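*Asks:*
Residue numbers (the working numbering): 6 to 239.
#1: Could you pull out every residue in the same chain whose Cβ sits closer than 7 Å to the Cβ of residue 29, ignoring the five residues on either side in sequence?
#2: Going by C-alpha distance, which of 114, 13 and 139 is nearest residue 175?
#3: Answer yes or no: do residue 108 and residue 23 have a C-beta to C-beta separation smaller than 8 Å?
#4: Which residue or residues does DSSP assign as beta-bridge partners of residue 135?
#5: Taking DSSP as the reference, what is the three-state secondary structure of residue 79?
#6: Am I right that residue 118 and residue 74 are in contact with their C-beta atoms under 8 Å? What's the rounded C-beta distance?
#7: According to DSSP, is residue 235 part of a helix, a strand, or is it coil?
#8: Helix, strand or coil for residue 181? Go by DSSP, reduced to three states.
#9: Tell me the residue span of the beta strand (DSSP E) that contains residue 126.
#10: Quick check on residue 66: buried or exposed, where buried means 16 or more other Cβ atoms within 10 Å of its Cβ?
#11: Along the chain, where does the beta strand (DSSP E) containing residue 115 start, and where does it finish?
#12: Please report the Cβ distance between residue 114 and residue 89, rounded to the nearest whole angstrom; I am assuming they are in contact, meaning their Cβ atoms lie under 8 Å.
#13: Excluding five sequence neighbours on each side, which residues of the same chain lie with their C-beta closer than 8 Å to the C-beta of residue 72?
#14: Between residue 55 and residue 62, what straight-line distance do the alpha-carbon atoms span, to the nearest angstrom?
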């Protein structure tokens with residue numbers, strides 16, 4: 006299901022405390038660059054990504070890869086104020102939208118990075134430092150020749166495993182059965198330290214935005230099956 010259009014945040018809304026940019030914006034570029042070419046510069050990503058460098062505290066850090074509109078980050082950071090949450094979104098306008106949602110919600114324990122998650126997780130997140138990694142409804146890249154672009158791939162799984170502390174969690178949800186089955190098989194083969202996948206149950210929703218993500222909301226409202234698991238690093 007394609008993403009629906011979103012409105013840009015109001016220029017008067019200050020996002021500088023909630024949005025990092027992985028590299029200098031390039032006007033018109035899809036990933037981690039400016040979609041206008043005229044906005045104020047955002048802070049660069051710290052060389053080492055941890056709670057101390059991003060949030061100035063030592064709370065447990067959870068990272069979401071592919072934050073979309075930021076619904077999960079906003080809701081989960083409100084439910085768990087004792088943890089920090091960092092979203093990484095490759096499409097700049099969505100990263101800005103998510104950051105704006107966090108600002109409006111008054112979240113001091115959640116921030117966004119506009120950029121590509123793979124090099125950040127591989128090079129800037131210390132080993133054994135994360136409490137959890139979340140990947141929800143990533144682009145399935147349907148064509149076989151494009152599947153190497155999937156967010157959950159052999160390289161990213163190894164990065165998730167290295168970044169998580171012992172007992173740390175990797176959550177993976179999708180409504181694409183092929184993607185789900187291929188991922189389960191891949192993890193069993195290349196990352197046995199994750200152990201067996203643990204099914205996660207569908208939680209009841211109490212209002213229209215009481216879902217993990219907008220994609221979960223749409224899938225459930227259209228009665229599309231959602232496949233949910235988590236792994237816990239040994």
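For each residue, glycine too, the CB sits at the ideal point set by N, CA and C.
Computed from a predicted structure; not experimentally measured.
*Replies:* From the atom records:
#1: With a pLDDT of 45 at residue 29, under the threshold of 50, the modelled position of this residue cannot be trusted; read the value that follows with caution. Once the five neighbours on either side are set aside, residue 29 has no close Cβ partner at all.
#2: When each option's Cα is compared against that of residue 175, the closest is 139.
#3: Result yes, Cβ atoms of residue 108 and residue 23 sit closer than 8 Å.
#4: In the DSSP output, where bridge partners are listed per residue, residue 135 has 169.
#5: In the structure shown, residue 79 sits in a helix (DSSP, three-state: H, G or I).
#6: Not really, about 15 Å apart at Cβ, beyond 8 Å.
#7: Here DSSP, grouped into helix, strand and coil, assigns residue 235 to strand.
#8: In the structure shown, residue 181 sits in coil (DSSP, three-state: anything other than H, G, I, E or B).
#9: In the DSSP annotation of this structure, residue 126 is not part of any beta strand (DSSP E); the continuous alpha helix (DSSP H) holding it starts and ends at 122 to 128.
#10: Counting Cβ neighbours within 10 Å, residue 66 comes out buried, since at least 16 surround it.
#11: That run of the beta strand (DSSP E) goes 115 to 119.
#12: Yes, residue 114 and residue 89 are in contact; Cβ-Cβ is about 5 Å, under 8 Å.
#13: For residue 72, where only same-chain residues beyond five positions count, the Cβ hits under 8 Å are 78, 92, 93, 94, 99, 100, 103 and 117.
#14: So the two alpha carbons sit approximately 9 Å from each other.
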